[in-house]
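In what follows, a single structure is set out as C-alpha cells and then discussed.
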Amino acid sequence: MNTLNKNKDHIYSILQEVCDPEVPVLTILDLGIVRDIQFHEEEVEIIITPTYSGCPAMDAISVDIKLKLIEHGFKKVKVSYILSPAWTTDWMSEEGKKKLQVYGIAPPKKSTNDTRLHKMLFEEETHIECPQCHSINTKLLSQFGSTACKALYQCNDCKEPFDYFKCH
Amino acid sequence: MPLTNNTLNYTLHLADNALILGQRNGEWCAHGPILEQDIAITNITLDLIGQARNFYQNAAACLHESGDPTASEDSLAYLRTEREFKNLLICELPNGDWAQTILRQFFFSTFQLLLFEKMKHSNNEPLVAIAEKSIKETQYHVKWSSEWVIRLGDGTTESHSRITKAVDTLWMYTGEFFIPASYEMIDVASLKNEWMNKVKEVFDEATLTLPENVFMQTGGKNGAHTEHMGFILSELQYLQRVFPGAEW
Chain F
1 MNTLNKNKDH IYSILQEVCD PEVPVLTILD LGIVRDIQFH EEEVEIIITP
51 TYSGCPAMDA ISVDIKLKLI EHGFKKVKVS YILSPAWTTD WMSEEGKKKL
101 QVYGIAPPKK STNDTRLHKM LFEEETHIEC PQCHSINTKL LSQFGSTACK
151 ALYQCNDCKE PFDYFKCH
Chain G
169 MPLTNNTLNY TLHLADNALI LGQRNGEWCA HGPILEQDIA ITNITLDLIG
219 QARNFYQNAA ACLHESGDPT ASEDSLAYLR TEREFKNLLI CELPNGDWAQ
269 TILRQFFFST FQLLLFEKMK HSNNEPLVAI AEKSIKETQY HVKWSSEWVI
319 RLGDGTTESH SRITKAVDTL WMYTGEFFIP ASYEMIDVAS LKNEWMNKVK
369 EVFDEATLTL PENVFMQTGG KNGAHTEHMG FILSELQYLQ RVFPGAEW
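Those protein sequences? They're chains F and G, same order as listed.
At position 3 of the first sequence the residue is numbered 3 (my numbering), and the sequence of numbers has no breaks.
One gets my numbering by counting positions in the second sequence from 1 and adding 168 to each.
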C-alpha cells in the first residue's frame, strides 16, 4: 500500500478484531475505549482512553492495535492515550454487555453519575443478576475482584460465585 | 500553561505520594489477612501506581518542554534520590499491622478525594484530566478503607486496641496534608475542616477518639524524609541502578 487508506470505517472494522486481553470476549470497540482516529501524512494515530489508571492491559492493547493495523498493510501506526473525559462503563456497547453475560461476567449497570461519593458505607450495589441462573438474589463478596474493573459476587440461589464488571 | 518550577514540583509531589504509598501497599501482596483483602489492597496499589505513572508522564512532558529530552516516567521514579522525592511522610512509613495499613489508606484516600475534587476545577489541564480520572477510583478506596476502620474499631477488643494504637502512631503525620509547600497549586489548608469532619464521622461510628494537641511532623514535601525512605528506594530502584535501562 503506497498511500495511506484514510477511511475511518475501514480502520474501525480492523479494530473490531482487537480484544481486551483480560476479558477476551470484548473487543476494544465493545469496551468503548477507542476515542478517535487521526491521519498524519503517512501515519495513522489511534487515540484510546484507559479504563483504570493502572490497568495493565493498556500496554498489551496498544501493541495489539499496532500489530493488527500493520497486518492490514499500515506502515506507520501510533497509539496515544487521552485521559479526559474519563472512561465510564456507560460507553460499553450493548452488544458488549450481552457478550459479558454469556461469558459469565455480570455486565455493569448504568452508572449513577458522581453521587457515589456520598454513597452510604457498607451499602452494596444490589440486584446484580447472576450470569449463570439469572437470579437477582445475589451478594457482594468483595468490592475488588480478579481485576481492578471487577467486583466479586455470589449467587444466593445457585451458590455460584461470579465477577461483576463494576460501574465506573 | 507555561512551565514553571511550581508545576513540575507539584506534579512530582503528587506522583511521589502515589508511587511510594503504592510501593508500600504492594508489600502486602500474598500476605493479606484473607485472599479477598489481599486482592483489595493490591488493586488499590495498582490504581496508585497508575496515578503515579500519569503524574510522572506529565512531569516528564514538562521537562521535555523545558529542554531536558532525557526525562521519562521511569527516570523520574527510578533515578532520583531520597532528597529529591517530595512525598508526604505518611506514605513512606512502614506498613505496621493490617490496622495501621488500613488507617493510613483511610487518612490518605480521604485527603486525596478532597484534593482531586478541588483539582478538577483548577486551570491546569493535564492535572484536571488526571484528577477526573482518579476520583472514580479513589471513591472506592475511601469506601473500602472507611468500612475497615469501622469494622476494626467497633469490632473485638483486640481489633479495637490495634486500631487505637495505629491512630496514636499515624496521627502526627496527618498535619502535613494541610501545611502547604511553596510549590503547591491547590490550597490544601482549605481542605482541613472537611477532612476532619469526614474522619470524625467514621471515627464516631468506629468508637474511636480523635487525638488532640498532637505535634505534627513535616518535611516530606521538601525532601526531608524519615529514616525509612532510603530503604524503600533501595528496594524500588535497585534493578534500574544495577542494570540501567533494563526491561522485561
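Just so you know, even glycine gets a beta-carbon here, dropped at the ideal spot from N, CA and C.
Practice task
Could you check the C-alpha separation between F:Lys68 and F:Phe74 for me, to the nearest Å?
Solution key: Those two C-alpha atoms are separated by around 9 Å.
Exercise for the section: Confirm, please, whether the CB-CB distance from G:Glu204 to G:Gln225 is below 9 Å. Expected result: Not in contact: G:Gln225 and G:Glu204 (Cβ atoms no closer than 9 Å).
Exercise for the section: Spell out whether any CB of chain G is found under 9 Å from the CB atom of F:Leu15. Expected result: Residue-level contact by beta carbon fails for F:Leu15 and chain G, as no gap is shorter than 9 Å.
Problem - Check whether G:Asn391 and G:Glu252 have beta carbons under 9 Å apart - result: Looking at the sequence shown, residue 391 of chain G is not Asn but Gly. At a Cβ-Cβ threshold of 9 Å, G:Gly391 and G:Glu252 count as neighbours.
Problem - Of the residues G:Arg272, G:His232, G:Leu231, the one placed nearest G:Trp126, counting alpha carbons only - result: Residue 126 of chain G is absent from the model: chain G starts at 169 and stops at 416.
Exercise for the section: Since I believe F:Cys149 is in contact with F:Thr49 (beta carbons under 8 Å), could you give me their beta-carbon distance rounded to a whole number of angstroms? Expected result: For F:Thr49 against F:Cys149, the beta-carbon gap comes to about 14 Å, at or over 8 Å, which does not count as contact.
Exercise for the section: Please work out which residues of its chain come closer than 6 Å, Cβ to Cβ, to G:Leu320, disregarding the five sequence neighbours upstream and downstream, and give them in chain order. Expected result: So the qualifying residues of the chain are Ala267, Ser327, Ile331.
Exercise for the section: Starting from G:Trp339, find everything on chain F with Cβ-Cβ shorter than 7 Å and list it in chain order. Expected result: Here the premise fails: no neighbours, minimum Cβ distance about 21 Å.
Exercise for the section: Report the rounded CA-to-CA distance for G:Thr386 versus G:Thr394, giving the unit in angstroms. Expected result: Taking the Cα positions, G:Thr386 is about 10 Å away from G:Thr394.
Handout entry: Proximity test, Cβ basis, 9 Å: G:Val370 and chain F
Key = With a threshold of 9 Å between beta carbons, G:Val370 makes contact with chain F.
Exercise for the section: Could you give the DSSP three-state label for F:Ser80: helix, strand or coil? Expected result: Strand.
Practice task
Go ahead and pull the three-state DSSP assignment for F:Phe165.
Solution key: In the structure shown, F:Phe165 sits in a strand (DSSP, three-state: E or B).
Handout entry: Nearest to G:Met353 (by Cα), restricted to the options G:Thr325, G:Glu293, G:Lys304
Key = With distances taken between CA atoms, G:Met353 lies nearest to G:Glu293 out of G:Thr325, G:Glu293, G:Lys304.
Practice task
Would you mind giving the Cβ-Cβ distance between G:Phe223 and G:Thr179, rounded to the nearest angstrom? I have them listed as a contact below 8 Å.
Solution key: The C-beta distance from G:Phe223 to G:Thr179 rounds to 5 Å, short enough to meet the 8 Å contact threshold.
Exercise for the section: Keeping to the same chain, check which residues put their C-beta closer than 6 Å to that of G:Val310; ignore five residues upstream and five downstream. Expected result: The residues are Ser277, Thr278, Leu281.
Handout entry: G:Glu300 versus F:Val23 - alpha carbon distance
Key = Approximately 25 Å, taken between the alpha carbons.
Problem - Cβ contact check for the segment 181–195 of chain G and the segment 396–408 of chain G: 3 or more pairs under 8 Å - result: Note that the segment 181–195 of chain G touches the segment 396–408 of chain G; at least 3 beta-carbon pairs, one per stretch, sit closer than 8 Å.
Problem - Close beta carbons around F:Glu124, own chain, < 7 Å, minus the five adjacent residues each side - result: Only residues of its own chain outside the window of five on either side were considered, and among them Leu140 have a CB closer than 7 Å to the CB of F:Glu124, listed in chain order.
Exercise for the section: Report the option in G:Phe275, G:Thr306, G:Ile347 whose CA atom is closest to the CA atom of G:Asn365. Expected result: Nearest option by C-alpha distance: G:Phe275.
Problem - Residue closest to F:His72, alpha-carbon to alpha-carbon, out of F:Cys155, F:His134, F:Ile14 - result: Selection F:Cys155, F:His134, F:Ile14 evaluated against F:His72 yields F:Ile14 as nearest (Cα-Cα).
Practice task
Closer than 9 Å, Cβ to Cβ, to anything on chain F: give me those residues from the segment 213–227 of chain G, in chain order.
Solution key: Within the segment 213–227 of chain G, the residues whose Cβ lies closer than 9 Å to some Cβ of chain F are Thr213, Leu214, Asp215, Leu216, Ile217, Gly218, Gln219, Ala220, Arg221, Asn222, Gln225, listed in chain order.
Handout entry: Assigned secondary structure, F:Phe39 (DSSP; H/G/I helix, E/B strand, else coil)
Key = In the structure shown, the three-state DSSP call for F:Phe39 is strand.
Handout entry: Residues, ordered as in the chain, of the segment 55–68 of chain F that lie near chain G by beta-carbon distance below 8 Å
Key = Going along the segment 55–68 of chain F in chain order, one finds Cys55, Pro56 with a Cβ nearer than 8 Å to chain G.
Practice task
Using the DSSP secondary-structure output, state which residues sit across from F:Cys19 in a beta bridge.
Solution key: Looking at the DSSP assignment, F:Cys19 forms a beta bridge with F:Thr27.
Practice task
Measuring only between beta-carbons, confirm whether F:His168 sits less than 9 Å from chain G.
Solution key: Yes, F:His168 counts as interfacial toward chain G.
Exercise for the section: Determine, using beta carbons only, whether G:Cys197 comes closer than 9 Å to chain F. Expected result: So no, G:Cys197 is outside the interface.
Exercise for the section: Assign F:Ile33 to one of three DSSP states: helix, strand, or coil. Expected result: Three-state result, F:Ile33: coil.
Handout entry: Residue closest to F:Ser135, alpha-carbon to alpha-carbon, out of F:Gln154, F:Ser142, F:Lys76
Key = Across the set F:Gln154, F:Ser142, F:Lys76, the C-alpha of F:Gln154 shows the shortest separation from the C-alpha of F:Ser135.
Problem - C-alpha gap between G:Glu233 and G:Asn177, whole angstroms - result: G:Glu233 and G:Asn177 have their C-alpha atoms roughly 15 Å apart.
Handout entry: CB contact check: F:Asp114 to chain G, cutoff 9 Å
Key = Annotation note: pLDDT 48 at F:Asp114 (below 50); position unreliable, coordinate value reported separately. At a cut-off of 9 Å between beta-carbon atoms, F:Asp114 makes contact with chain G.
Handout entry: Classification of F:Met120 by the beta-carbon crowding that lies within 10 angstroms, buried from 16 upward
Key = Exposed, since its Cβ has fewer than 16 Cβ neighbours within 10 Å.
Handout entry: Separation of G:Pro412 from G:Ala183, as counted between CA atoms
Key = The C-alpha of G:Pro412 is placed about 22 Å away from the C-alpha of G:Ala183.
Handout entry: In DSSP terms, what G:Tyr178 is bridged to
Key = Under DSSP, G:Tyr178 takes part in no beta bridge, so it has no partner.
Practice task
Output the distance between the C-alpha atoms of F:Lys6 and F:Val79, rounded to the nearest integer angstrom.
Solution key: Taking the straight line joining both Cα atoms gives about 16 Å.
Practice task
Within its chain, find whatever has a CB closer than 8 Å to the CB of F:Thr27; leave out the 5 residues flanking it on each side and keep chain order.
Solution key: Excluding positions up to five away in sequence, the list reads Leu15, Gln16, Glu17, Val18, Cys19, Asp20, Gly96.
Handout entry: Contacts that F:Gln154 makes with chain G (C-beta to C-beta distance below 7 Å)
Key = Those do not exist, as F:Gln154 stays about 11 Å from chain G at its closest Cβ, beyond 7 Å.
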